[in-house]
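Residue numbers (this note's numbering): 94 to 506. Inspection log for the structure reproduced underneath, given as structure tokens.
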Amino acid sequence: MNKHSEAIETSLSSQPLAGPLRGPGSPAKRLCPRIDPDRVAVRLWRCVTLASVSLVAMFASASTLRADWPLVRGDAAATGAVVAPLPQPLDILWTYEAAESGFEATASIVEGVVYVGDVDGTFHAVKLADGSPLWTRKFEETGFVAGSAVVEGRIYCVDYNGVVRCLKIENGETIWEFNTDTSLYAAPNVYEGVVLLAADSGQLFALDAATGKKKWEPFTIDQPLRCWPTVVAERVLIAGCDGKLHLVDVNSGKDVESIDIGGPADGMPAVVGDRVFFCTAGGVFHGMTIKPLASLWEFGHRAQGEEIHAAAATPNAIVLGTHDKRMVALKPATGEVIWSTPLRSRAESSPVVAGDLVLFGTVRGRLQALEMAGGKEVWNTEVGGRFTASPALTDGRMVIGNEDGTLYCVGGK
Numbered sequence: 094m095n096k097h098s099e100a101i102e103t104s105l106s107s108q109p110l111a112g113p114l115r116g117p118g119s120p121a122k123r124l125c126p127r128i129d130p131d132r133v134a135v136r137l138w139r140c141v142t143l144a145s146v147s148l149v150a151m152f153a154s155a156s157t158l159r160a161d162w163p164l165v166r167g168d169a170a171a172t173g174a175v176v177a178p179l180p181q182p183l184d185i186l187w188t189y190e191a192a193e194s195g196f197e198a199t200a201s202i203v204e205g206v207v208y209v210g211d212v213d214g215t216f217h218a219v220k221l222a223d224g225s226p227l228w229t230r231k232f233e234e235t236g237f238v239a240g241s242a243v244v245e246g247r248i249y250c251v252d253y254n255g256v257v258r259c260l261k262i263e264n265g266e267t268i269w270e271f272n273t274d275t276s277l278y279a280a281p282n283v284y285e286g287v288v289l290l291a292a293d294s295g296q297l298f299a300l301d302a303a304t305g306k307k308k309w310e311p312f313t314i315d316q317p318l319r320c321w322p323t324v325v326a327e328r329v330l331i332a333g334c335d336g337k338l339h340l341v342d343v344n345s346g347k348d349v350e351s352i353d354i355g356g357p358a359d360g361m362p363a364v365v366g367d368r369v370f371f372c373t374a375g376g377v378f379h380g381m382t383i384k385p386l387a388s389l390w391e392f393g394h395r396a397q398g399e400e401i402h403a404a405a406a407t408p409n410a411i412v413l414g415t416h417d418k419r420m421v422a423l424k425p426a427t428g429e430v431i432w433s434t435p436l437r438s439r440a441e442s443s444p445v446v447a448g449d450l451v452l453f454g455t456v457r458g459r460l461q462a463l464e465m466a467g468g469k470e471v472w473n474t475e476v477g478g479r480f481t482a483s484p485a486l487t488d489g490r491m492v493i494g495n496e497d498g499t500l501y502c503v504g505g506k
């Protein structure tokens with residue numbers, strides 16, 4: 094064991110957390126090949142304190158200052174964080190029920206409206222202010238398990254039968270649809286007029302957002318693509334079941350570069366600066382540089398080989414939920430553990446960051462908020478159901494749905 098790993102093991106000797114698997118210059122370790130297409134997701138969070146004026150300035154030009162949450166992780170780079178805090182004390186402000194259905198998809202929030210599909214094929218538009226319905230649209234013999242994208246007055250959603258739809262935000266009326274003839278497990282990303290979709294056929298589709306027509310022939314691998322396509326600087330970062338992280342030109346679909354990551358992946362690569370963070374099957378979380386694609390460190394469970402479901406990152410910290418019921422913060426540069434907070438149950442819901450809080454739901458129906466600085470719990474409530482969708486943030490509120498079919502809006506009393 095190197096000194097870096099030894100220090101982490103010593104500081105967490107009473108905990109079953111494995112710590113970094115590999116750092117710069119140390120040998121790579123085996124990754125577990127198991128994969129769960131419906132549950133794995135990678136998340137990133139930002140550690141902002143009241144004194145962090147320089148950090149806020151660093152992000153002032155980025156999408157972390159946005160008021161809306163148009164994409165499943167907030168922006169095209171999958172940061173999953175906003176600077177604006179949630180007012181405290183926290184409480185549930187309203188609930189909305191999907192009749193005899195459930196929510197597995199993460200909501201999008203734009204201009205005071207929450208957009209989300211349920212598992213039985215109904216798409217919902219709900220007022221953020223009070224949870225009252227604006228409209229619903231039922232699609233027969235299908236369902237929505239992935240989040241949508243709401244961009245420039247249009248909703249882009251995918252169902253589990255592989256159909257991509259563009260809907261009007263006013264009433265859910267169909268503008269166009271495109272059948273991929275395969276399964277879709279990941280939400281769409283929309284970047285400069287292009288809708289990007291990862292498909293189980295191993296194809297990365299690029300559709301014109303206005304017409305639904307192909308922008309270029311799909312980038313293709315010989316294994317499924319179940320990873321959300323993150324976009325930064327004209328490049329798509331996407332990890333596949335072929336055990337590689339691919340860098341694809343967003344304008345042509347050409348494979349610019351790829352790197353072996355030791356096992357399949359279907360999470361969300363999140364980009365902060367020139368680094369990307371993501372998880373592979375088997376519970377191994379990676380920190381890499383983008384130019385060039387190169388490994389910085391790995392973190393995960395050496396013996397258990399379990400998947401890491403939740404994660405969210407910033408220049409100062411990365412927070413992720415582990416299968417041994419912990420929320421963990423890591424240093425982005427090294428993968429060192431900053432703090433580790435035990436949970437009562439797993440957080441398959443991806444955490445998000447709002448100001449000085451990290452928020453998430455658990456598989457046993459608990460909503461929680463932790464301090465980013467030290468991982469201390471500041472709020473929780475038991476509501477029942479199972480949370481596998483991730484929270485969405487906007488205007489000092491968090492919205493999240495559970496598999497029992499209830500949307501919850503959390504904010505200051």
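C-beta: ideal position from N, C-alpha, C; glycine also.
Item	Value
Flag this pair as yes or no: are the beta carbons of residue 243 and residue 163 separated by less than 8 Å?	yes
What three-state label does DSSP hand residue 270 in the structure shown?	strand
Rounded to whole angstroms, what is the Cα-Cα separation between residue 142 and residue 449?	Only weak support is given to the placement of residue 142: the predicted model assigns it a pLDDT of 35, under 50, and the question is left unresolved by the model.
Let me know the beta strand (DSSP E) ranges lying completely inside the region 302-371, each 3 residues or longer, listed in chain order.	307-313, 323-325, 328-332, 337-342, 348-353 and 363-365
Have a look at residue 238 and residue 175 and give me their C-alpha separation to the nearest angstrom.	24 Å
Cα separation between residue 328 and residue 300?	16 Å
Within 10 angstroms of the Cβ of residue 409, are there 16 or more other Cβ atoms? Answer buried if so, exposed if not.	buried
Output the boundary residues of the beta strand (DSSP E) element that contains residue 435.	430-435
Measure the C-alpha to C-alpha separation of residue 135 and residue 370 and round it to an integer number of angstroms.	Because the pLDDT at residue 135 is just 32, under 50, the model does not fix this residue reliably, and the value given afterwards should be weighed accordingly. About 8 Å.
Can you say whether residue 360 is buried or exposed, counting buried as having 16 or more other CB atoms within 10 angstroms of its CB?	buried
For residue 266, which residues of its own chain have a beta-carbon under 7 Å away from its beta-carbon, when the five flanking residues on both sides are left out?	260
Which of the three DSSP states is assigned to residue 258 in this structure?	strand
Tell me whether residue 442 is buried or exposed, calling it buried when 16 or more other Cβ atoms sit within 10 Å of its Cβ.	buried
Kindly give me the distance between the Cβ atoms of residue 491 and residue 476, rounded to whole angstroms, as I take these residues to be in contact under 8 Å.	13 Å between Cβ atoms; not a contact.
Taking only three categories from DSSP, how would you classify residue 193?	coil
Whole angstroms is fine: what's the gap from residue 435's alpha carbon to residue 284's?	37 Å
Which residue wins for smallest C-alpha separation from residue 419, given the options 425, 385, 461 and 389?	461
Suppose you measure from the CA of residue 215 to the CA of residue 375; what does that come to, to the nearest Å?	34 Å
For residue 241, is the classification buried or exposed, using 16 other Cβ atoms within 10 angstroms of its Cβ as the cut-off for buried?	buried
Quick check: what's the CA-CA separation for residue 65 versus residue 506?	Given a span of 94 to 506 for the chain in the structure shown, any question on residue 65 remains unanswerable.
Cutting at 6 Å between CB atoms, please list the residues of its own chain near residue 254, excluding the five before and the five after it.	235
What residues are listed by DSSP as bridge partners for residue 249?	242 and 259
Closest to residue 184 by CA distance: which of 479, 459 and 312 is it?	459
Taking the alpha-carbon of residue 482 as reference, which of 493, 473 and 474 has the nearest alpha-carbon?	493
From the DSSP secondary-structure annotation, give me the bridge partner or partners of residue 415.	419
Which residue's Cα is closest to the Cα of residue 211: 222, 204 and 250?	250
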